[in-house]
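Read through the structure below, which is laid out as structure tokens, and then see the notes.
Numbering (my numbering), first residue to last: 4 to 370.
What follows is the structure, encoded as structure tokens:
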């Protein structure tokens, strides 16, 4: 019989709809165990912030943004004045030009997985972002090469429209049912996961070059929307990061700290940890409540003194820090349940969502 465990304290904000979705998933054919993380919240047809193991492959449990994840890149800057650096971020709504040095990253990666070039080097909307942040060690951050005051780029993005096309190819035939061709789905899925990792590297290279920093390799890069093949079948993660002995950045909001943790989750948690603070308001509620309390200009500065680059006013309200759960509570729940140990905190300086000005530049394709 399938089981459900939610790793959250009694004081954590967990919507009953999200728990109901966990039990709905647990009732699917072949399901073994559903683990809800402390950032659990309702999604479209399946919970977000959950790891779900089964003997059957269900593409809709991974969703459309296959390969979405968060990577952390060290950067070196002489001065980090948020107001000055905010204006130097490139337009990440347009793909990489042919002559952009970020193509070197693509070549080193062995080319774009699946041969997909469209959208490469773009961040996307929703909760995706690129953030320049300052490091505050919590424990042994030195093993990651980090010290107090160091700067990092945090990149949260995925496979852009490629994952959506993969899911649609399944749902148009089978809806939310199981895959009738697991090998075919997994081949496309694996390309999307690798493409998402490459995209985060390209985004970091574009921003580092624009800020005057050398391009570096990621010290953390974990995908939180994917399916893994296991000895028992399949482990679906939707907004849940791998937690079996790796380092993970768990994103807060643009107005709070994020945390790098050493993850050591066991089988009851489906070897997974949270991926972020998790929404506590729908986008519609965040927009309605935000407009009643804040101006656009107020939302361009955060409680920690950072600057937000976002030319989409609606997105500013939808992604306001108040729309999310408290990241400190999420981290505390992970620690209390023995799933992770904090290593370092990151404090936002500049968070990029969309360009402030209209689209500029050319959509490049590799020569």
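By construction, the Cβ of each residue, glycine as well, lies at the ideal position given by its N, Cα and C atoms.
Bridge pairing for residue 137: 154 and 350 [DSSP]. Counting other Cβ atoms within 10 Å of its Cβ, residue 103 reaches 16 or more and is therefore classed as buried. Taking C-alpha positions only, residue 147 is separated from residue 235 by approximately 33 Å.
For residue 310, the uninterrupted beta strand (DSSP E) segment begins and ends at 310 to 312.
In the structure shown, the three-state DSSP call for residue 322 is coil. Its chain contains 320, 321, 323 and 326 as the residues whose beta carbon lies nearer than 7 Å to that of residue 289, once the 5 sequence neighbours on both sides are disregarded; these appear in chain order. Spanning the alpha carbons of residue 284 and residue 17 requires a straight line of approximately 11 Å.
With a minimum length of 4 residues, the unbroken runs of alpha helix (DSSP H) contained wholly in the segment 9 to 49 fall at 19 to 29. If the five residues before and after residue 231 are omitted, its C-beta is found closer than 6 Å to the C-beta atoms of 238, all from its own chain and listed in chain order. Residue 21 and residue 37 do not touch by the CB rule: their CB atoms are close to 11 Å apart, not below 8 Å. In this structure, residue 268 lies near residue 246, with their beta-carbon atoms less than 8 Å apart. Taking residue 340 as the centre and dropping the five residues before and after it, the same chain places the C-beta of 10 closer than 6 Å to its C-beta, in chain order. When DSSP states are grouped into helix, strand and coil, residue 247 belongs to the strand group. Rounded to the nearest whole angstrom, the CA to CA distance from residue 30 to residue 57 is 11 Å. If you compare the alpha carbons of 14, 4, 6 and 7 with that of residue 333, the shortest gap goes to 14. Partner residues in a beta bridge of residue 306, as assigned by DSSP, do not exist.
DSSP places residue 56 outside any alpha helix (DSSP H); the residue lies instead in the beta strand (DSSP E), whose first and last residues are 51 to 57.
Fully contained in the segment 84 to 136 are the following alpha helix (DSSP H) runs of length 4 or more, in chain order: 85 to 89 and 106 to 112. Annotation for residue 333: the continuous alpha helix (DSSP H) segment containing it runs 330 to 339.
Contact between residue 69 and residue 206 is ruled out by a C-beta separation of about 17 Å, above the 8 Å threshold. In the DSSP assignment, residue 327 falls outside any alpha helix (DSSP H), carrying neither H nor E. Taken through DSSP and simplified to helix, strand or coil, residue 231 comes out as strand. It is roughly 33 Å from the alpha-carbon of residue 110 to the alpha-carbon of residue 60. Non-local C-beta neighbours of residue 83 in its own chain, meaning closer than 8 Å and more than five positions away in sequence, comprise 135, 137, 154 and 352, ordered along the chain. If you ignore the 5 residues before and after residue 336, its C-beta comes within less than 7 Å of the C-beta of 10, 11, 12, 15 and 41, all in its own chain and listed in chain order. Residue range 164 to 177 is occupied by the alpha helix (DSSP H) that includes residue 173. The C-beta separation of residue 50 from residue 25 comes to about 5 Å, placing the pair in contact by the 8 Å criterion. In this structure residue 79 is in contact with residue 216, their Cβ atoms being roughly 5 Å apart against a cut-off of 8 Å.
Ranked by how close their Cα comes to the Cα of residue 195, the residues 348, 163, 249 and 62 have 163 in first place. Of all C-beta pairs linking the segment 160 to 175 to the segment 113 to 133, three or more are shorter than 8 Å, placing the two stretches in contact. When DSSP reads this structure, residue 238 sits in a beta bridge with 56 and 231. Comparing alpha carbon positions, the residue from 275, 277 and 349 closest to residue 258 is 349. Comparing alpha carbon positions, the residue from 248, 211, 271 and 101 closest to residue 75 is 211. Residue environment for residue 65: buried (at least 16 other C-beta atoms within 10 angstroms of its C-beta). As the crow flies, the alpha-carbon of residue 39 is around 14 Å from that of residue 5. For the set 277, 260, 256 and 233, the Cα lying nearest the Cα of residue 249 is the one of 277.
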